[in-house]
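Down below is the structure, laid out as structure tokens.
In this note's numbering, the protein residues as written are 20 to 110.
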């Protein structure tokens, strides 16, 4: 069995994709309801408002992966610092 470092190297560890499998049916139902409400909201906007809103949403969706990557990196570093402290001999 390969270690976590080797799995990470070969791309076998992908938290950003694996989390979808962890969603419960309740989470999935809530997401579907959100999508329905989003569609209803958009249908009430004028064409110009829809264009502006879509532009705003596109910019937000472009930034989101970078924010998630930064949060993942910070969490990973925190975990490593915790491990270093745990492994350090007591003073």
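The beta-carbon is built from N, C-alpha and C at its ideal position, and this holds for glycine as well.
Judged by DSSP secondary structure, residue 84 falls within the alpha helix (DSSP H) whose first and last residues are 66-106. Taking residue 61 as the centre and dropping the five residues before and after it, the same chain places the C-beta of 69 and 72 closer than 8 Å to its C-beta, in chain order. Sequence-distant partners of residue 32 (beyond 5 residues in either direction) whose C-beta falls short of 6 Å from its own C-beta, in its chain, are 26. Under the three-state reduction of DSSP, residue 29 is assigned to coil, being neither helix nor strand. Our two residues, residue 63 and residue 55, have alpha carbons roughly 13 Å apart in a direct line.
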